[in-house]
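Residue numbers (our numbering): 13 to 110.
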């Protein structure tokens, strides 16, 4: 996923959480949650120490989270309820900055 650059040399991304159909095998399709229409979601590449902003829009009908696998981020944006990350309500947006 390509980023739009921010004025401070950081990177900005947009993610949309929404239901998608996923073909597991020929003739076997399930409905699940995707990010920008894909499962798994898009790869986000950033440089260590780079400021990152991600605008997340929840297009599903249930509260959702985003977990940043492989990134060391503050607990409040880690994407784990037990760490205090707030859920993104249905139809709402949340901006993550780390």
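A virtual CB, placed ideally from N, CA and C, is assigned to each residue, including glycine.
Keep in mind the model is a prediction, meaning the values are calculated, not measured.
In terms of DSSP beta bridges, what is residue 30 paired with? BP columns for residue 30 point to 46.
Residue 68 and residue 29 look like a contact to me (Cβ under 8 Å); what is the Cβ gap, rounded to whole Å? 7 Å
Using beta-carbon positions only, say whether residue 79 and residue 91 come within less than 8 Å of one another. yes
Alpha carbon to alpha carbon, how far is residue 62 from residue 50? In a straight line, the C-alpha of residue 62 is about 25 Å away from that of residue 50.
What span of residues does the beta strand (DSSP E) with residue 67 cover, start to end? 64-70
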